[in-house]
Amino acid sequence: MTTIANAVLALDSTAQISTVSDNLDEIIWHDGNPNGITAEQITAKQAELQTAYDAQEYARERQVAYAAAGCTIEALAVATFESVFADDSSAAVKLQIEREKIKAAIPK
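First residue of the sequence shown: 6, per our numbering; consecutive thereafter.
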């Protein structure tokens, strides 16, 4: 769950708060809440941020899978170099096959 602090800072990046729990009534406003942020705004922003975070789950899973399969930026650089300068595209083809497998296994 997205924290109260994250939601408040998304609403007002200059807000100065402390939280000791996930209870909206226990927010300590060190700046007096000059923008009048309400509990409803915080709750709505938490839901929005959580939805955005959840929507990127596939990307986080793919990142781990790409690294495990050796689909790194370094491997891409080597494959590109070999493809362009050595006229050997086998490494690039192998990387693309691995990427396609991962994308199929972990869809958006």
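Where a beta carbon is used, it is the ideal one built from N, C-alpha and C, also for glycine.
message: DSSP three-state label for residue 23, please.
response: Stepping through the sequence shown from its first residue, residue 23 is reached at position 18. In the structure shown, the three-state DSSP call for residue 23 is strand.
- request: Below 6 Å CB to CB, which residues in the same chain sit around residue 84 once its five sequence neighbours on both sides are set aside?
  value: The residue labelled residue 84 in the question sits at position 79 within the sequence shown. These residues qualify, in order along the chain: 96, 97, 100.
query: Is it true that the region 26-41 meets the region 55-69, where meeting means three or more beta-carbon pairs spaced less than 8 Å apart?
result: no
query: Taking Cβ to Cβ, would you say residue 54 is nearer than 8 Å to residue 24?
result: What you label residue 54 is simply residue 49 of the sequence shown in a count that begins at 1. What you label residue 24 is simply residue 19 of the sequence shown in a count that begins at 1. Against a cut-off of 8 Å, the Cβ pair of residue 24 and residue 54 comes out as no contact.
query: Taking the continuous alpha helix (DSSP H) assigned at residue 30, which residues delimit it?
result: Along the sequence shown, read from residue 1 onward, the residue named residue 30 stands at position 25. Neither: residue 30 is in no alpha helix (DSSP H) and is coded neither H nor E.
query: Is the CB-CB distance between residue 63 and residue 111 below 8 Å?
result: For the purposes of this step, residue 63 is identified with residue 58 of the sequence shown, where counting begins at 1. For the purposes of this step, residue 111 is identified with residue 106 of the sequence shown, where counting begins at 1. The answer is yes: Cβ separation under 8 Å.
- request: Within the region 66-106, note down every full alpha helix (DSSP H) run reaching 4 residues or more, in order along the chain.
  value: 78-90
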